[in-house]
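**Q** In this note's numbering, the protein residues as written are 178 to 268.
Have a look at this one before I ask anything.
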Amino acid sequence: FVIDSRYIPTDSMVPTFQPGDYFLLDKLSIQFRPPARGEVVCFTAPPASELGLAGSNVCVIKRVVALGGDRVCLRRGRLYVNECLQDEPYI
């Protein structure tokens, strides 16, 4: 399938998604290009045992804030990528 539906169980993506929301996941475009900054992605989390937690693997929904090779830093609650303050209108 190239499209899948996903359920938002927690408030970790508020205000973009609210707990209880559903969205459609495009599984095809990622086959032709890497994710870009600002995009929302879904990926399988590492096994909970690798993180020192109990539970099973789950699909995690997060926003891409940096790419491979970028330097990421949080200062006073603000996100910097490659020493540049990021405008994050979605938070």
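The beta carbon of each residue, even a glycine, is placed where N, CA and C say it ideally should be.
Note that the structure is a prediction, hence the values are computed from the model and not measured.
(1) Do the CB positions of VAL258 and VAL242 come within less than 8 Å of each other?
(2) By DSSP's criteria, THR221 is part of a beta bridge. Which residues make up the other side?
(3) Between which two residues does the beta strand (DSSP E) harbouring TYR257 extend?
(4) Could you tell me the alpha carbon to alpha carbon distance between PHE209 and PHE178, rounded to whole angstroms?
(5) To the nearest angstrom, how far is the alpha carbon of ASP181 from that of GLY245?
**A** Once the coordinates are examined:
(1) VAL242 sits close to VAL258, with the two beta carbons spaced by under 8 Å.
(2) CYS236
(3) 255-258
(4) Each residue's alpha carbon lies about 16 Å from the other.
(5) 26 Å
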